[in-house]
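J.: Residue numbers (the working numbering): 45 to 148. One structure follows; several queries about it will come next.
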């Protein structure tokens, strides 16, 4: 996971628990590493471009994410959507199982 991707994932992660946040980061990192190379290459390219824009404009990551989310260009919006989807999936996948209630 690139540093910019890590910053975006940190900005989008909703759980306040520090241990859970680390687990989500690790899970998203593993998911990105498991992507087929031709898909990962596109995500990497977008990450490099967006990291460059973020560095040039010195905008906070949250503001850049809001701009990307509202972009009229579909692949730009889908970049944030991909990372947000991986985060949501990780948060649910890593959540502790609910306690079983005994039958009445």
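Note that the Cβ used here is the ideal one computed from N, Cα and C, for glycine as well. Computed from a prediction, not measured in an experiment: that's the story for all the values here.
#1: Which residues bound the alpha helix (DSSP H) around residue 80?
#2: May I have a chain-ordered list of the alpha helix (DSSP H) segments no shorter than 4 residues that lie completely inside the segment 68 to 129?
#3: Could you check if residue 63 is buried or exposed, using at least 16 other CB atoms within 10 Å of its CB as the buried criterion?
#4: Assuming residue 159 and residue 75 are in contact, meaning their beta carbons sit under 8 Å apart, how far apart are those beta carbons, in whole angstroms?
#5: In the DSSP assignment, the alpha helix (DSSP H) including residue 47 goes from what residue to what residue?
#6: Just the C-alpha distance for residue 70 and residue 101, rounded to the nearest angstrom, thanks.
#7: Can the beta-carbon of residue 94 be found less than 8 Å from the beta-carbon of residue 112?
T.: For this structure:
#1: Element bounds for residue 80: n/a, residue is neither H nor E.
#2: 81 to 101 and 105 to 113
#3: exposed
#4: Because the chain spans 45 through 148 in this model, residue 159 falls outside it and cannot be assessed.
#5: 47 to 56
#6: 28 Å
#7: yes
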